[in-house]
Amino acid sequence: MKPTQPPPPSFPAGDARRPPVRGRLAEGAVLDARFDALAQGRGGVVCVQGPPGSGKTRLLSEACAMAGHRAFTVFRGGADPDSQFVPLTPLLEGTQTDGKPLFDTVRLRALATAPEQRFWLLQELQDQLERAAFDGPLVVVLDDVQWCDDLTLLALRTLSSRLSAHAILWLLAIRGGSSAPEVLTTLDRMERDGALRLCLGPLSDAAVSEIAQDVLGAPPDTATLDVVRRAEGVPLLLVELLHGMTAEGRVVVTDGVARLVGHRLPARFQTSIRQRLYSLSEPTREVVRAASAIGHTLTVELLAELLDRPVGALVAPVQEALDSDLFVEREGRLAFRHDLIREAVADSLPESVRKALRRHAAEVVLARGASLSEAASLVMDSAEPGDQAAVRLLRAAAAELSETAPSAAGELSRQALNLTAAQAPERSTIIAETVVLLWRAGRATQARALGATALPGSLPCEAEARVRLSLARVSSQYDFTEGARQSGIGAALPGIPECLRAHLLALYCLDLGLVGDYGATARAAVDEALRSARQVGDRAALATAMTAHSVLLYYDCDWDRAFRRADEAEDIASEAGFSRSLWVPEALWKAFMLNAAGRTAEALAESENGIRDTQRQGQAAAMRLWLMNRSRVLLDAGRLSDARAEAEAGTAMADELGMGNFADATLLYTLLRVALHTGDRDAARAYAAEVGRMVGDPAILVRNAGSWLLALMADAEGRPDRAMALLDESFTTFEQVGPSLASPDDPADLPVLVRMALRAGDHDRAAVAVAQAEHRAVRNPGFTILAAAAAHARGLLDNDTAHLLHAVELYDGIERLLPHASALEDAGRKLAVAHPADAVPVLGAALDRYSEADAGCDAARVRRRLRVLGAPRRRTAPTETVTAWPELTASEVAVVRLVAQGMTNRQVAEHLVNSPHTVSSHLRHAFLKLGLTSRTELARLAREREHTE
1 MKPTQPPPPS FPAGDARRPP VRGRLAEGAV LDARFDALAQ GRGGVVCVQG PPGSGKTRLL
61 SEACAMAGHR AFTVFRGGAD PDSQFVPLTP LLEGTQTDGK PLFDTVRLRA LATAPEQRFW
121 LLQELQDQLE RAAFDGPLVV VLDDVQWCDD LTLLALRTLS SRLSAHAILW LLAIRGGSSA
181 PEVLTTLDRM ERDGALRLCL GPLSDAAVSE IAQDVLGAPP DTATLDVVRR AEGVPLLLVE
241 LLHGMTAEGR VVVTDGVARL VGHRLPARFQ TSIRQRLYSL SEPTREVVRA ASAIGHTLTV
301 ELLAELLDRP VGALVAPVQE ALDSDLFVER EGRLAFRHDL IREAVADSLP ESVRKALRRH
361 AAEVVLARGA SLSEAASLVM DSAEPGDQAA VRLLRAAAAE LSETAPSAAG ELSRQALNLT
421 AAQAPERSTI IAETVVLLWR AGRATQARAL GATALPGSLP CEAEARVRLS LARVSSQYDF
481 TEGARQSGIG AALPGIPECL RAHLLALYCL DLGLVGDYGA TARAAVDEAL RSARQVGDRA
541 ALATAMTAHS VLLYYDCDWD RAFRRADEAE DIASEAGFSR SLWVPEALWK AFMLNAAGRT
601 AEALAESENG IRDTQRQGQA AAMRLWLMNR SRVLLDAGRL SDARAEAEAG TAMADELGMG
661 NFADATLLYT LLRVALHTGD RDAARAYAAE VGRMVGDPAI LVRNAGSWLL ALMADAEGRP
721 DRAMALLDES FTTFEQVGPS LASPDDPADL PVLVRMALRA GDHDRAAVAV AQAEHRAVRN
781 PGFTILAAAA AHARGLLDND TAHLLHAVEL YDGIERLLPH ASALEDAGRK LAVAHPADAV
841 PVLGAALDRY SEADAGCDAA RVRRRLRVLG APRRRTAPTE TVTAWPELTA SEVAVVRLVA
901 QGMTNRQVAE HLVNSPHTVS SHLRHAFLKL GLTSRTELAR LAREREHTE
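For the record, in the sequence shown the residue sitting at position 818 is 818 according to the numbering used here, with numbers rising by one throughout.
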């Protein structure tokens, strides 16, 4: 039979009629099982990981086809190396199977570049994904995740978790060996939340033989297989090698077998690509080379402008590149069939040519109306030192991204700094910008290092002072000590305008309060800040200084004056035009004081107004601070389930807005105390592990709060001696002004401390705590909660029934369930010794309050006391439960009913005046209690239960 050349591949890569995937049966079975679960309403995440050329993209294509056969909605997108500074490109440029976008791209692009919109952008994405999933199962496919911008990575790791109850399956492909911290963080986070990782290894010999037969059109002989094994089972290299052998006439088909001809070794991959390139016409080579320098995807129009050719002149070269299987066309854009091919072509260009092409491409895309961040990705690695136009572009792009993608903005600003000469007049300003951006991105160590080496002496004093003011504002909620340091340095700079100094002094005083410094230094600073603000007539600075003075008065046990001062500050801030809900952290102080004073309803009203107003105005950072405040108020009010939901909501926003000192002192504090009251020991231990960072903090206020939490944990574990040892430093501060335990101080903590000390046999420390409680009560006779706490503490120390019963009476008029229940329990315990019959109703009242608070651990302890007295009480549901949903709290029922009606989390949040994160938290706990995994199951259960009711 006459030898024949094997036919060329019937269909180019990407064609739906191409040969089947080979050697990936196990992976296909996993995907099939996931699609079965998706059909039943259960979503999830599958990460396909492997080295370049291992077939990740092909497997995703096969998965899309499988999903399409099941009539699922499929959305497909992908990243490329030059999209890393363009927020959300993989999501916004992807499409569904019908060619339509899944998202409202116009609205989302506007949000992606708007200040303070990072949080709301994610909410918008979540809302649109929820709506899409309501219409049926949704498969979200994203390729080349290793090149995603940091905002897309944030969306992946947060939305995949928040939407886990929806019928949404996320299929992600990522190149193995990625070392980008944000990518690794995303993968680790998703795996902790249950994501499945599929690692693609080399193909088996059987699969290699099958692919060789697919490409060559006949089974390969042994000699041919020996050669193709040099591809080491990597699909792309294997196929490229087979195509090269075919093109070089190295294989012929005779008698139905593909046989090797000759003995010359096949070319290596890069050499093979270059040989294919040289086989093209000169115009096509020019097009392909230019495209390789620009990026993964591009339009014909951009190519034409870059090469200064009419579009018509590129028709033939582009078609030749498509026919040669170097290019593919995707949704109206040209792309290399694989990025390895693009890299091989780009490597054939001289570095100077590649840089010049990218620099010219940046100018072209800007002229065509592209975003600054899109052009910046082309300039980053193509500009030379001293290129002022590049520096201006990078700085402008960094400013554009500063709110939504601070990490990317920081990188752009650092590159602008690298391109700026040491003597350039603008260098000091760029340093300042970079330091602030690094702080916003959570890179505190890098920001400090750059600031320490570059800020002092590099800026005029006024410019440096303004930078210090910005840094103090940014860092205060994350690192109290750093906030005080920055504002203090700024205020001490010589020759700055008095108005600027007044602002720095006022903030310095507030930061000292957050650090826990209420000594002579703080008093002198407050006096100077008030004097300076009044002299320059700056009402904003005066309001902040007055708030700092209120904090000092509060911890000096002068609560009446502290409240009056806070009211004055609030009035002045209002006159100065501040929206109260956005005047944070100053406005939060009044709410915390109301809570400490036992005026729970007023404190909740303050925080609810703050959450509602900040939601309406799109101020995510301020809203989170109000959420933190509300979580603490709910905890102290004894609404433990609601407190946990709010604290989890605030913690869930850490990805968008960061954690830090303020979050630790409120959210972590709330979560650990709720876990202890409810008896969730596993959660308590997990939170206690996180508290470790607090006890090493430079701010004594943070250290004391952390030590108090760990002491509570040790005491709950039956180790009161350990608890006392943990409080060694805290006891040294009892004679000083300032909080020694929680922050802000909770008067009801002192009886808890007395009980803990007595259990440890430390009568002296118990007496110190009692003296502190009584001192506060005497100094502030108008605050009943202080008298109640003092009576409770004295009753414990003296083992005196009368004091304990007096504390119970005083707590009767205060909206604090847990301290009231604790006083009742202690009084009942004392009565049980001599008057058991009298003890039973008192302990019963304690049990009722613990049950109302859903404090399961405390309620169980009181039940045991009642059983000993021969008056057992059965476990009852909390008073606010709903008949059809006995397992759930009232807040959880409200969320469940609205979700079952088909509302998205965002719609539920707006209906209930909550944050979407709080809704997610309530929903997650409801799912756990009900044993559900999807909204489909919830809707079915809701129909059954509500119909029965």
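The C-beta atom is built at its ideal place from N, Cα and C for all residues, glycine as well. Here the structure is a predicted model, which is why all the values come from computation and not from measurement.
- Residue burial is scored here from C-beta neighbours: A566 has at least 16 other C-beta atoms within 10 angstroms and is therefore classed as buried.
- Residue environment: C47 is assigned as buried (16 or more neighbouring CB atoms within 10 Å of its CB, all protein chains considered).
- With at least 16 other beta carbons inside 10 angstroms of its own, K56 counts as buried.
- Secondary structure at T420: coil, using DSSP grouped into helix, strand and coil.
- With contact defined as three or more Cβ pairs closer than 8 Å, the stretch 70-77 and the stretch 207-222 are not in contact.
- Straight-line measurement puts the Cα of L843 at about 21 Å from the Cα of D636.
- Runs of the beta strand (DSSP E) spanning 3 or more residues and lying entirely within the stretch 132-180 occur at 138-143 and 168-175, in chain order.
- The straight-line gap separating the alpha-carbon atoms of D82 and R599 is approximately 55 Å.
- For A725, the number of other beta carbons within 10 angstroms of its own is below 16, and it is reported as exposed.
- Around the beta-carbon of Q486, 16 or more other beta-carbon atoms lie within 10 Å, marking it buried.
- Taking one beta carbon from each stretch, the stretch 323-340 and the stretch 385-400 have fewer than 3 pairs nearer than 8 Å; the two do not touch.
- Contact check for A408 against S352 fails: the beta carbons are separated by 9 Å or more.
- Straight-line spacing of the CA atoms in P51 and P235 works out to 10 Å.
- The way I'd put it, the stretch 880-899 does touch the stretch 916-932; three or more beta-carbon pairs between them come closer than 8 Å.
- Close CB contacts of I168 within its chain, under the 6 Å cut and outside five residues either way in sequence, are with G43, A133 and L138 (chain order).
- Here the alpha carbons of V261 and G249 stand approximately 8 Å from one another.
- DSSP places F563 in the helix class (H, G or I) of the three-state scheme.
- For F327, the pairing in a beta bridge is given by DSSP as F336.
- The C-beta distance from A846 to V896 rounds to 30 Å, too long to meet the 8 Å contact threshold.
- Looking at the DSSP output, F75 bridges to Q96 and V140.
- By the Cβ rule, the stretch 250-260 does not count as touching the stretch 275-288, because fewer than three pairs are nearer than 8 Å.
- Short of 7 Å from the beta carbon of A231, and not among the five residues preceding or following it, lie these beta carbons of its own chain, in chain order: L237, L238 and L241.
- Between D479 and N661, the CB-CB gap stays under 9 Å.
- The beta carbon of L394 sits closer than 6 Å to those of A376, L412, Q415 and A416, all from its chain and outside the five residues before and after it, given in chain order.
- For R259, the enclosing beta strand (DSSP E) begins and ends at V257 to L260.
- If you draw a straight line from the Cα of S61 to the Cα of A29, it comes to about 15 Å.
- Three or more pairs of CB atoms, one per stretch, sit closer than 8 Å, so the stretch 534-545 contacts the stretch 499-515.
- Of all alpha-carbon atoms in E815, T152, H835 and A884, the one lying nearest the alpha-carbon of A853 is that of E815.
- With a cut-off of 8 Å on Cβ pairs, the stretch 903-922 is not in contact with the stretch 863-875, counting fewer than three such pairs.
- Counting C-beta atoms within 10 angstroms of its own C-beta, G77 has 16 or more neighbours from the protein chains shown and is therefore classed as buried.
- Under the rule that a run must span 3 or more residues, no beta strand (DSSP E) segment is found entirely inside the stretch 263-303.
- Taken in chain order, no unbroken stretch of beta strand (DSSP E) lies wholly in the stretch 584-619 with a span of 3 residues or more.
- By DSSP's assignment, T254 forms a beta bridge with V257.
- DSSP places L805 inside the alpha helix (DSSP H), whose first and last residues are T801 to Y811.
- Residue range H763 to R779 is occupied by the alpha helix (DSSP H) that includes V770.
- Secondary structure of C557 (DSSP, three-state): coil.
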